[in-house]
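Structure, as structure tokens:
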Amino acid sequence: MQNLYHPLHLQKPLLSSPTTNQFQNIKYFCKTPHFRVSCSSSSSSSSTSVKDGELVARSQYKPTWLDDFFLNSFRKKLVEEVGWESKKEGYDGMMELVNGLMIGRTTRQTNQAAVRILRSLFPPFLLELYRMLITPIGGGRVAAMMVARVTVFTCQWLMGSCSINSIDLPDGSSCQSGVLVERCKYLEESKCVGICVNTCKIPTQTFFKNHMGIPLLMEPNFTDYSCQFKFGIAPPLPENDSALKEPCLDCCPYASRGRSESLTRMLNAKQCPRS
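Counted the way my numbering counts, the sequence shown spans residues 1 to 275.
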């Protein structure tokens, strides 16, 4: 496949809105009564967060050569799916490709494309063998705990620092099959509820359930950017999932561009326009 560079950065601004390059250099601030987060590019991301009104340091994950391999593998699959390559390097280029995954697709098509990418990252037959041989053990607990640990080991380059924690299961017991993402880099860099929901949350839940036989509930927190993975717990129906009804972030670049064209419509929006 011949890769074509996608000219997102050459799009004309709407009215007097700043250009895309200017957007990358401007900090947007999301405000709530108890939390304030600076939305900026990865090169200027803050190493602190606010908790209970006090400034506290957040741990920084330092990528390794293995993380570079995971990033490059994921990016290659993104390029194959969207059909063009980004001129940007590293994580910034990957995020531009993720954005491209939603261009010209419905939310359902975006979800399906993201699931295809996740499947393509695994060797042939591995998922089927895992579902047949590992998932049935212990009513699914062993498989859930295993994938939680694999997630921490292989995905911190994507999400940032995360750790295993205990979650409560529907039968009243607890299990060490949770993964708590301290502050999701993917959400922080995209600044978009729709990208989080349609290229990460829903496809990842679908992938684990349909291709590994493991139910998964992901609970992103759009205030502090943390995310709780709950392997072994089924997600609610879409109409009952609060994450799918989340309003657009104040710092979302897509909403910000839209406000210059239709301010009233965007201010009255009940959920992210990309959800």
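Cβ atoms here follow ideal geometry from the backbone N, Cα and C, with glycine treated the same way.
All figures in this text were calculated on a predicted structure; none of them were measured in a lab.
*Could you check what DSSP says for residue 36 in three-state terms: helix, strand or coil?*
For residue 36, the predicted structure reports a pLDDT of 33, less than 50, and the residue's modelled location is therefore unreliable. The matter cannot be settled from this model.
*Closest residue to residue 250 among 190, 212, 232 (Cα-Cα distance)*: Per the Cα distances, 190.
*Is the beta carbon of residue 145 less than 9 Å from the beta carbon of residue 177?*
Yes; because the gap between Cβ atoms is below 9 Å, this pair is in contact.
*How is the beta strand (DSSP E) around residue 95 delimited, first residue to last?*
Residue 95 -> not in any beta strand (DSSP E); alpha helix (DSSP H) instead, spanning 90–101.
_Could you compute how far the alpha carbon of residue 212 sits from the alpha carbon of residue 138?_
A straight-line Cα-Cα distance of about 15 Å links residue 212 and residue 138.
*With a cut-off of 8 Å, do at least 3 Cβ pairs link the region 203–217 to the region 226–235?*
They touch, by the three-pair rule.
*Cα-Cα separation between residue 171 and residue 86, rounded to whole angstroms*: C-alpha separation (whole angstroms): 47 Å.
_I need the DSSP call for residue 168, collapsed to helix, strand or coil._
For residue 168, the secondary structure class from DSSP, reduced to helix, strand or coil, is strand.
*If you run the structure through DSSP and keep just helix, strand and coil, what is residue 69?*
Looking at residue 69 - three-state DSSP - the assignment turns out to be helix.
*How should residue 230 be labelled, buried or exposed, when 16 other C-beta atoms within 10 angstroms of its C-beta is the threshold for buried?*
Around the beta carbon of residue 230, 16 or more other beta carbons sit within 10 angstroms, so the residue counts as buried.
*What are the boundary residues of the beta strand (DSSP E) that residue 194 is part of?*
Counting along the chain, residue 194 falls outside any beta strand (DSSP E), though it belongs to the alpha helix (DSSP H) covering 193–196.
*Tell me whether residue 276 sits in a helix, a strand or coil according to DSSP, three-state version.*
Because the chain spans 1 through 275 in this model, residue 276 falls outside it and cannot be assessed.
*Note down, in chain order, each residue of its chain lying with its Cβ closer than 7 Å to the Cβ of residue 209, except the 5 sequence neighbours on either side.*
Closer than 7 Å at the Cβ level, and outside the excluded window around residue 209, lie 215, 216.
*Assumed close pair residue 186, residue 169 - CB separation to whole angstroms, cut-off 8 Å*: No, residue 186 and residue 169 are not in contact; Cβ-Cβ is about 26 Å, not under 8 Å.
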